[in-house]
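Trainee: Residue numbers for the sequence shown, in my numbering: 169 to 1148.
A virtual CB, placed ideally from N, CA and C, is assigned to each residue, including glycine.
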Amino acid sequence: MGDIAVVGIDCAFPGAAGVQAYWDLLMRGGDGIGPVPAQRWEAGDFPAVSGSGGFIDDADVFDSDFFSVTPREAAAMDPHHRLLLPCAWRALEDSGRAPGDLAGTETGVFVGVMGGEWGRLTMSDLARVTPLLGAGSSAGMAANRISYHFNFTGPSLAVDTACSSSLVAVHLAAGSLLTGECDTALAGGVNIVLSPSLGMVYGQLGLAASDGRCKPFSADADGIGRSDGVGLVVLRRLEDALADGQRIYAVLRGSAVNQDGRSNGVIAPNRWSQQRVLDSAYRRAGVTPDQVAFVEAHGTGTVLGDAIECAALGAVHGVPRETPCAIGSVKGNLGHTEGAAGIAGLIKTVLALHHRIVPASLFADRENPRLRLGERGMRLLKSPMRLPRGESLAGVSSFGMGGTNAHAVLGSAPRIPLAAGARTGGARDAVGVFTVSADTPEALRRNLAAQAEAVARRPRGGAAALCRSSNRIKTGLPHRFAVPVRDTDELVAALRRAADPQDAAGSGGRPWGRPVVAFLFTGQGSEFPGMTAGLHRDSPAYRRHLAEADEALAAHLGTSVRELILSGDERVHRPEFAQPALFAVGCALARTLTSLGITPAAVLGHSLGEYAAAVTAGALSLDEAARLVVRRGALMAELPAGGGMLAAGTGPEALAELLAAEPGTVLAALNGPADTVVSGPLEALERIGRALAGRGVRVKQLPVSHAFHSPLTAPAAAGLRTETVRCRPPAVPVASTRHGRMLRHELMDAGYWADQIEEPVLMDTALGALVADVAPTHLIEIGPRGTLLQIAARGGRAAAAELLHPAPGAGATGRELAATVAALYRGGLDPLWEELYEPGHRVVEALSPYVFSSAQRHWDRQALVHTAQPQPQPAGPVAGPPPAAPSAAGTGAPADDPVLLAVVQAVTEVGGYPPERVVREARFHEDLGFDSVMIMQLKNQVEARLPRVGEVSVQEMLPALRSVGSLAAFLDDMLLARSA
């Protein structure tokens, strides 16, 4: 049998809500046994059944809104199903994946569930039977609901082999993985003690513990105590888990299932069958019994069951070995969780292998001498047992009342070397983006607070690996939060701030689409020694892409611009170096962003910036653009010295008279309605500057070496015009600052680049054309210093766009890049997060599981037959007459819109929602959880409430079922048509 990795776990058992709580309960030797909750039944009414057992707190809580389940359907659902759905979500999160990432995949679901008590309790009154109860009471739906809600298309089956159900489910899941039916599988089981009926059966068979406690292998053992439980593990083929870098708790080496056949009785255990299933499992796992360090036994605490199991274990494990095989049973801590018993034992064993310590077995202090454990090569664990270095092996047994036996062999996870640099001192201050998402603003704040407390409990240190894990796990829901951080202290503070109801960041606005991004490439004048050095230090992606640009330039320049930039060399201001350096920075920044999944809908380059823009748009190759930029810089350097540029906060009309009076001065750039650059001789520019300042106009001398975009650059333009340029039409729309409009299929050839040198930069009209063409939601400046975003903000061309800059000046580090990615994630982008992190930070870190709402409870005890003297109330999850139709005042429908009011009333009746929840914008599938059965019921309700509409077919209604409002509009149109 091939190896199967356990990569994710979630569970809830009596006294242990969650994996960590379960492990803490086991290690401290605690138990979850307590009195029967009044919600289940009145213990005094059933003296033949123990008044104690193992009960999960808040088993009635279900976040139906999260899973798009209507209140009426949630009330009809078997509580087993309701416990499984959040458990599945948390288990998948624990595997290091956002559950939504698996939607549409052939993920398998295998659930052990025993009996069908909910159906017996709710379907016995035939007058109250409904489709929702029919679907809600089916044991088979336990697995199918998970597949449906998560959109899994792999095998999906519920398994009922009584007490061995969940371990058999794990066995079947492993087989499905090994045959290639699925690549990921959820496997486990669930049990809820809904009534005393099975306890009465145990009592009549002489199998019930008087105090409701299982005491496995103890001299005091006197029977079974029943308990709740739910647990799921995420399984993958070991090679796949290793390839994907998932955390591996333990490895399933092999498993086997068999049957007692015709033995002493259909519910009597069979020693020989138990012995054979162990032998078969060890054979399939390729191990021998002497290698197995401990066995998590079935261990119910019945006198006969313990004796038979120990005889079978002894026959297999009573072989020469260095130390006896340790045994124990979690039923001493939890009671017998029946359909979930196997998964309770398996999760205990997986955690023991993971932590390398086996918890003691409760009630082991009074070991039953009749079991002769020592003689049989075994010992009952009276204290925790440390596991030695290297691989450890363990077995898990689970035996069904009807004779179906299962045994699994597990080994500790393989040792995986940490990635180079992981958690080293040099990487401790690396920046990352921590993400949290949720289904509502309230849920987002709830989960922000949970993450804050979980991170606060961790050792202080770097946060990059935590951030990367959050990007993989916590990003799939509509309301989004993201913050760039370097360490855990900063992260805790940011999370606590955002969780505060007064903080706007925690409201996590819901993006309704993907952001539309435009790149604005900065031109000459923005360069400075050491530009982007902080980003180069922090970002592996930027380092890689800057090296690529440097290599392309070096072939023509003969030196490294990367070394020039990072060394702080003042030569960066000379045209022959400034232009290649800025081009390298622009290309590297753009490629860093695109490698993160940030692709521009359009690009715009300011003067020199058009070269990097052309590369990004696909109009020029990197090598061709590098050749042209080096040639351009050399031509500019050959120009006579003298000349400059002056920025003025006014429009060209106000400059016309001054320019006419100063020969040789021209308009070099029209950046905005009141944002103009003049180029020409320095003395003339000084006079123009003084005149403008006297009029109260803002002026600034630009730090450039020549009078660019003026007749003084004509020799350089002529030199470039003779070049042969290998170019192609842009694949991404280009807003040309040479023409002041969008380029469609035109080539950016030698003529374009020559004109671009001496003609004015038409930034304002080019930006206006870009905004009109693609309507960007975000403008990102691509350059080492912020200039274009300031111009855009002053000009008001893109007032609705968010302005971002990943490298906004000398103090910029990787934080600004991370902040850019965070802002776009909040705006609806799903980035390619891996590119943000060093390989050493691409490791799995445990995060606190999703915290579901506890506001909704679905458990009507009065509707179930739980009392000794049945009352005349009807048996069903919904008692009493149908609710009165809501008035307009209690709904989102205006009183003067009777059609909308009728639709709201119909939705309220079918779904069981409070009227105020049914607003015009509510979507039937996504927000209200309506399925095809409910649509049929809705159709009937609408026809009854709007008789003038007449009969409406489902086919006619389907296109209108986008929202409550769209259905009302459709019915309005039908009424008008039929009235006509």
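Under 9 Å between the Cβ atoms of residue 376 and residue 391?
Mentor: In contact: residue 376 and residue 391 (Cβ atoms closer than 9 Å).
Trainee: Whole angstroms are fine: how far does the CA of residue 445 sit from the CA of residue 382?
Mentor: Residue 382 and residue 445: Cα-Cα distance of roughly 24 Å.
Trainee: Are residue 650 and residue 982 closer than 9 Å when you measure CB to CB?
Mentor: Going by C-beta atoms, residue 650 is not nearer than 9 Å to residue 982.
Trainee: With a threshold of 6 Å on Cβ separation, who are the neighbours of residue 211 within its own chain once the five nearest residues in sequence on each side are excluded?
Mentor: For residue 211, where only same-chain residues beyond five positions count, the Cβ hits under 6 Å are 204 and 219.
Trainee: Under 9 Å, do residue 892 and residue 861 count as touching if we go by C-beta distance?
Mentor: Cβ atoms of residue 892 and residue 861: not closer than 9 Å.
Trainee: Would you mind sorting residue 388 into buried or exposed? The rule is 16 or more other CB atoms within 10 Å of its CB.
Mentor: Result: exposed.
Trainee: Buried or exposed: residue 536, going by 16 or more other Cβ atoms within 10 Å of its Cβ?
Mentor: Buried.
Trainee: Are there 16 or more other CB atoms within 10 angstroms of the CB of residue 1175, so buried, or fewer, so exposed?
Mentor: The structure shown does not extend to residue 1175, since the chain is modelled only from 169 through 1148, so no value can be given for it.
Trainee: Report yes if the C-beta distance between residue 869 and residue 814 is below 9 Å; otherwise report no.
Mentor: Taking 9 Å as the Cβ cut-off, residue 869 and residue 814 qualify as a contacting pair.
Trainee: Please confirm whether residue 339 and residue 448 have their CB atoms less than 9 Å apart.
Mentor: Not a contact, by the Cβ cut-off of 9 Å.
Trainee: Which same chain residues, not among the five before or five after residue 524, have their C-beta less than 8 Å away from its C-beta?
Mentor: Within the same chain, residue 524 has close Cβ partners 554, 555, 560 and 580.
Trainee: Taking its Cβ as the centre, do 16 or more other Cβ atoms sit within 10 Å of residue 432, making it buried, or is it exposed?
Mentor: Exposed.
Trainee: In its own chain, which residues sit with a C-beta less than 8 Å from the C-beta of residue 749, not counting the 5 before and 5 after it?
Mentor: Result list for residue 749: 695, 699, 729, 732, 733 and 740, in chain order.
Trainee: Does the count of Cβ pairs from the region 803 to 810 and the region 871 to 882 closer than 8 Å reach three?
Mentor: Cβ pair count under 8 Å is three or more, so yes.
Trainee: Taking the DSSP output, what are the residues bridged to residue 652?
Mentor: Looking at the DSSP assignment, residue 652 forms a beta bridge with 601.
Trainee: Where residue 401 and residue 262 are concerned, what is the direct C-alpha to C-alpha distance, given to the nearest angstrom?
Mentor: Taking the straight line from one Cα to the other gives about 9 Å.
Trainee: For the 8 Å Cβ check, are there 3 or more pairs between the region 344 to 354 and the region 317 to 330?
Mentor: Flag = yes, the region 344 to 354 and the region 317 to 330 touch.
Trainee: Between residue 751 and residue 710, is the Cβ-Cβ spacing less than 9 Å?
Mentor: No, the Cβ-Cβ distance between residue 751 and residue 710 is not below 9 Å.
Trainee: When you compare the CB positions of residue 174 and residue 419, do they come within less than 9 Å of one another, or not?
Mentor: Going by C-beta atoms, residue 174 is nearer than 9 Å to residue 419.
Trainee: Closer than 8 Å by C-beta to residue 986: which residues in its own chain qualify, once you throw out the five before and the five after it? Chain order, please.
Mentor: Correct list, in chain order: 599, 600, 601, 652 and 1004.
Trainee: Label residue 759 either buried or exposed according to how many other C-beta atoms from any shown protein chain fall within 10 Å of its C-beta, with 16 as the threshold for buried.
Mentor: The residue is buried, with at least 16 neighbouring Cβ atoms inside 10 Å.
Trainee: So, using beta-carbon positions, are residue 283 and residue 327 closer together than 9 Å?
Mentor: Not in contact: residue 283 and residue 327 (Cβ atoms no closer than 9 Å).
Trainee: Buried or exposed: where does residue 1048 fall if 16 or more other Cβ atoms within 10 Å of its Cβ makes it buried?
Mentor: For residue 1048, the pLDDT reaches just 36, beneath the cut-off of 50, and the residue's location in the model is therefore unreliable, although a value from the coordinates is still provided. That one is exposed.
Trainee: So, helix, strand or coil for residue 839, using DSSP?
Mentor: Of the three classes helix, strand and coil, the one that applies to residue 839 here is strand, per DSSP.
Trainee: Counting beta carbon pairs with one atom in the region 918 to 928 and one in the region 943 to 958, are three or more of them shorter than 8 Å?
Mentor: The answer is no - the region 918 to 928 does not touch the region 943 to 958, with fewer than three Cβ pairs under 8 Å.
Trainee: Using beta-carbon positions only, say whether residue 485 and residue 544 come within less than 9 Å of one another.
Mentor: Taking 9 Å as the Cβ cut-off, residue 485 and residue 544 qualify as a contacting pair.
Trainee: Mind checking whether residue 803 and residue 916 have CB atoms under 9 Å apart?
Mentor: It is not a contact, given that the beta carbons lie outside the stated cut-off.
Trainee: Threshold first: 3 residues or longer. Then list the beta strand (DSSP E) segments lying entirely within the region 372 to 452, N to C.
Mentor: Listed in chain order, they are 397 to 405 and 418 to 427.
Trainee: Please tell me whether residue 494 and residue 547 are closer than 9 Å, where the distance is taken between their beta carbons.
Mentor: Yes.
Trainee: If you follow the alpha helix (DSSP H) that residue 718 is part of, which residue opens it and which one closes it?
Mentor: Where residue 718 is concerned, the enclosing alpha helix (DSSP H) stretches over 708 to 725.
Trainee: Where does residue 1089 sit, in a helix, a strand or coil, going by DSSP?
Mentor: Coil at residue 1089, not helix or strand.
Trainee: From which residue to which residue does the beta strand (DSSP E) around residue 547 run?
Mentor: Unbroken beta strand (DSSP E) run through residue 547: 546 to 548.
Trainee: Taking buried to mean at least 16 other C-beta atoms within 10 Å of its own C-beta, is residue 1147 buried or exposed?
Mentor: Label assigned to residue 1147: exposed.
Trainee: Which runs of the alpha helix (DSSP H) fall wholly inside the region 614 to 663 and span at least 4 residues, in chain order?
Mentor: List check, alpha helix (DSSP H) in window: 632 to 641.
Trainee: Round the Cβ separation of residue 278 and residue 311 to the nearest angstrom and send it over; I've been treating them as touching at under 8 Å.
Mentor: Residue 278 to residue 311, Cβ: 7 Å. Contact.
Trainee: Can you name the start and end residues of the beta strand (DSSP E) that residue 173 belongs to?
Mentor: Its beta strand (DSSP E) spans residues 172 to 181.
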